[in-house]
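What follows is a single structure, written as C-alpha coordinates, with notes after it.
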Amino acid sequence: MKANRRAKILGLINSLDWRKEILQYKEIVEREVGHPFSHAALLALLREMDEKGQRKMAQTLNFSFAQRSSKKWPEAFFIQSVRTLLKQMNSDIDTKRRLVLAVIQEVQPLLEGLNELDTMVKEQQRLITKFGCWHYYWAFYFHDSRTSAPRQWQEC
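Under our numbering, the first residue of the sequence shown is numbered 247, with each subsequent residue one higher.
So this is what it looks like as C-alpha coordinates:
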(Lines of atoms letter the chains of each structure in order from A and count residues from 1; the text may use other names and numbers.)
(Lines give C-alpha, C1' and ligand atoms only; values in the text may rest on other atoms or scores of the structure.)
Protein backbone atom coordinates (compact mmCIF):
# COMPACT_ATOMS: atom_id res chain seq x y z
CA MET A 1 0.00 0.00 0.00
CA LYS A 2 1.37 3.38 -0.93
CA ALA A 3 2.20 5.84 1.83
CA ASN A 4 -0.33 8.44 0.61
CA ARG A 5 -3.16 5.90 0.59
CA ARG A 6 -2.20 4.64 4.04
CA ALA A 7 -2.05 8.19 5.42
CA LYS A 8 -5.44 8.98 3.86
CA ILE A 9 -7.03 5.92 5.49
CA LEU A 10 -5.57 6.89 8.84
CA GLY A 11 -6.92 10.41 8.39
CA LEU A 12 -3.52 12.06 8.31
CA ILE A 13 -4.18 13.66 4.94
CA ASN A 14 -7.34 15.68 4.92
CA SER A 15 -8.36 16.28 1.34
CA LEU A 16 -11.63 17.91 2.30
CA ASP A 17 -11.60 21.57 1.35
CA TRP A 18 -12.37 23.42 4.60
CA ARG A 19 -13.85 26.66 3.32
CA LYS A 20 -14.65 29.21 5.99
CA GLU A 21 -18.41 28.67 5.73
CA ILE A 22 -18.02 24.99 6.63
CA LEU A 23 -15.08 25.32 9.01
CA GLN A 24 -17.48 25.64 11.93
CA TYR A 25 -18.55 22.01 11.36
CA LYS A 26 -15.05 20.55 11.26
CA GLU A 27 -15.22 19.40 14.87
CA ILE A 28 -18.53 17.60 14.30
CA VAL A 29 -17.25 15.96 11.12
CA GLU A 30 -14.08 14.73 12.80
CA ARG A 31 -16.09 13.45 15.77
CA GLU A 32 -18.44 11.48 13.54
CA VAL A 33 -15.73 9.79 11.48
CA GLY A 34 -15.26 7.27 14.28
CA HIS A 35 -18.97 6.53 14.77
CA PRO A 36 -21.27 4.27 12.77
CA PHE A 37 -23.33 5.98 10.10
CA SER A 38 -26.94 4.92 9.49
CA HIS A 39 -27.37 4.12 5.82
CA ALA A 40 -31.15 3.74 6.07
CA ALA A 41 -31.58 7.09 7.84
CA LEU A 42 -29.44 8.84 5.23
CA LEU A 43 -31.42 7.33 2.36
CA ALA A 44 -34.65 8.40 4.07
CA LEU A 45 -33.24 11.94 4.35
CA LEU A 46 -32.40 11.93 0.63
CA ARG A 47 -35.99 11.05 -0.24
CA GLU A 48 -37.28 13.79 2.07
CA MET A 49 -35.05 16.47 0.52
CA ASP A 50 -36.26 18.78 -2.21
CA GLU A 51 -34.46 19.11 -5.53
CA LYS A 52 -32.53 22.19 -4.41
CA GLY A 53 -31.18 20.36 -1.37
CA GLN A 54 -30.26 17.33 -3.45
CA ARG A 55 -28.40 19.52 -5.94
CA LYS A 56 -26.49 21.24 -3.14
CA MET A 57 -25.57 17.89 -1.59
CA ALA A 58 -24.47 16.55 -4.99
CA GLN A 59 -22.18 19.56 -5.38
CA THR A 60 -20.74 19.01 -1.89
CA LEU A 61 -20.09 15.38 -2.80
CA ASN A 62 -18.47 16.46 -6.10
CA PHE A 63 -20.83 14.53 -8.36
CA SER A 64 -20.13 15.47 -11.96
CA PHE A 65 -23.80 15.53 -12.93
CA ALA A 66 -24.46 18.21 -10.30
CA GLN A 67 -22.59 20.77 -12.40
CA ARG A 68 -24.95 20.37 -15.32
CA SER A 69 -28.13 22.36 -15.24
CA SER A 70 -30.36 19.81 -16.88
CA LYS A 71 -34.07 20.40 -17.08
CA LYS A 72 -34.93 17.29 -15.08
CA TRP A 73 -32.97 16.44 -11.95
CA PRO A 74 -31.80 12.78 -12.03
CA GLU A 75 -33.06 11.91 -8.53
CA ALA A 76 -32.72 8.14 -8.96
CA PHE A 77 -29.16 8.53 -10.23
CA PHE A 78 -28.37 10.87 -7.34
CA ILE A 79 -29.62 8.33 -4.78
CA GLN A 80 -27.71 5.53 -6.50
CA SER A 81 -24.54 7.65 -6.46
CA VAL A 82 -24.94 8.24 -2.72
CA ARG A 83 -25.46 4.49 -2.20
CA THR A 84 -22.17 3.90 -3.99
CA LEU A 85 -20.46 6.36 -1.66
CA LEU A 86 -21.99 4.61 1.33
CA LYS A 87 -20.32 1.39 0.20
CA GLN A 88 -16.98 3.18 -0.26
CA MET A 89 -17.28 4.93 3.08
CA ASN A 90 -16.03 1.94 5.08
CA SER A 91 -12.68 1.92 3.32
CA ASP A 92 -12.23 5.64 2.60
CA ILE A 93 -12.29 8.08 5.50
CA ASP A 94 -12.45 11.10 3.18
CA THR A 95 -15.67 9.77 1.65
CA LYS A 96 -17.20 9.46 5.11
CA ARG A 97 -16.14 13.02 5.94
CA ARG A 98 -17.78 14.30 2.77
CA LEU A 99 -21.02 12.43 3.49
CA VAL A 100 -21.15 13.68 7.08
CA LEU A 101 -20.46 17.24 5.94
CA ALA A 102 -23.12 17.02 3.23
CA VAL A 103 -25.73 15.89 5.77
CA ILE A 104 -24.68 18.61 8.24
CA GLN A 105 -25.04 21.25 5.54
CA GLU A 106 -28.54 19.98 4.76
CA VAL A 107 -29.69 20.22 8.39
CA GLN A 108 -27.74 23.43 9.04
CA PRO A 109 -30.86 25.61 9.56
CA LEU A 110 -31.93 23.34 12.40
CA LEU A 111 -28.48 23.20 13.97
CA GLU A 112 -28.01 26.97 13.91
CA GLY A 113 -31.47 27.83 15.12
CA LEU A 114 -31.47 25.57 18.15
CA ASN A 115 -28.46 25.65 20.41
CA GLU A 116 -30.22 24.22 23.46
CA LEU A 117 -31.28 20.58 23.41
CA ASP A 118 -34.32 21.27 25.62
CA THR A 119 -35.61 23.84 23.13
CA MET A 120 -35.14 21.38 20.30
CA VAL A 121 -37.13 18.71 22.13
CA LYS A 122 -39.92 21.16 23.09
CA GLU A 123 -40.18 22.37 19.49
CA GLN A 124 -40.08 18.84 18.04
CA GLN A 125 -43.53 18.79 16.43
CA ARG A 126 -43.16 22.22 14.89
CA LEU A 127 -39.70 21.42 13.54
CA ILE A 128 -40.81 18.09 12.09
CA THR A 129 -43.74 19.79 10.40
CA LYS A 130 -41.52 22.53 8.99
CA PHE A 131 -38.41 20.54 7.99
CA GLY A 132 -39.41 16.87 8.02
CA CYS A 133 -38.77 14.03 10.44
CA TRP A 134 -35.44 12.94 8.91
CA HIS A 135 -34.05 16.46 8.94
CA TYR A 136 -34.99 16.62 12.62
CA TYR A 137 -33.43 13.19 13.25
CA TRP A 138 -30.08 14.20 11.74
CA ALA A 139 -30.05 17.61 13.46
CA PHE A 140 -30.69 15.86 16.77
CA TYR A 141 -27.99 13.29 15.94
CA PHE A 142 -25.38 15.97 15.21
CA HIS A 143 -26.36 18.24 18.11
CA ASP A 144 -23.41 19.41 20.23
CA SER A 145 -24.95 18.01 23.40
CA ARG A 146 -24.31 14.50 22.11
CA THR A 147 -20.71 14.91 23.27
CA SER A 148 -20.99 17.74 25.80
CA ALA A 149 -23.94 16.23 27.73
CA PRO A 150 -24.34 12.62 26.56
CA ARG A 151 -26.61 11.61 29.44
CA GLN A 152 -29.08 14.39 28.72
CA TRP A 153 -28.89 13.66 24.97
CA GLN A 154 -29.74 9.97 25.52
CA GLU A 155 -32.64 10.83 27.83
CA CYS A 156 -34.19 13.00 25.14
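No residue lacks a Cβ here, since even glycine has one placed at the ideal position from N, Cα and C.
- Non-local beta-carbon contacts of Gly-299 in its own chain, meaning distances under 7 angstroms to residues more than five positions away in sequence, involve Glu-352 in chain order.
- The beta carbon of Pro-320 lies closer than 8 angstroms to those of Phe-311 in the same chain, with the five residues before and after it left out.
- Taking 9 angstroms as the cut-off, the beta carbon of Leu-291 is found no closer than this to the beta carbon of Leu-332.
- Residue state for Trp-319 is assigned as coil, using DSSP reduced to three classes.
- No residue range can be given for His-281, since it is assigned to no alpha helix (DSSP H) and is classified by DSSP as neither H nor E.
- Non-local C-beta neighbours of Glu-297 in its own chain, meaning closer than 8 angstroms and more than five positions away in sequence, comprise Trp-319, Glu-321, ordered along the chain.
- Every alpha helix (DSSP H) stretch that sits fully inside the segment 335-376 and reaches 4 residues is listed by chain position as 339-352, 354-359, 363-368.
- Counting other Cβ atoms within 10 Å of its Cβ, Ala-286 stays below 16 and is therefore classed as exposed.
- Apart from sequence neighbours up to five positions away, no residue of its chain approaches Phe-283 with a beta-carbon distance below 6 angstroms.
- Annotation for Phe-323: Phe-311 place their beta carbon closer than 7 angstroms to its own, counting only its chain and skipping 5 residues before and after.
- As the crow flies, the alpha-carbon of Glu-276 is around 14 angstroms from that of Val-349.
- CA-to-CA, the gap between Asp-338 and Arg-329 works out to about 14 angstroms.
- One thing to note: Met-366 has its Cβ within 9 angstroms of the Cβ of His-389.
- Secondary structure note for Ala-304: its alpha helix (DSSP H) is the uninterrupted segment 297-306.
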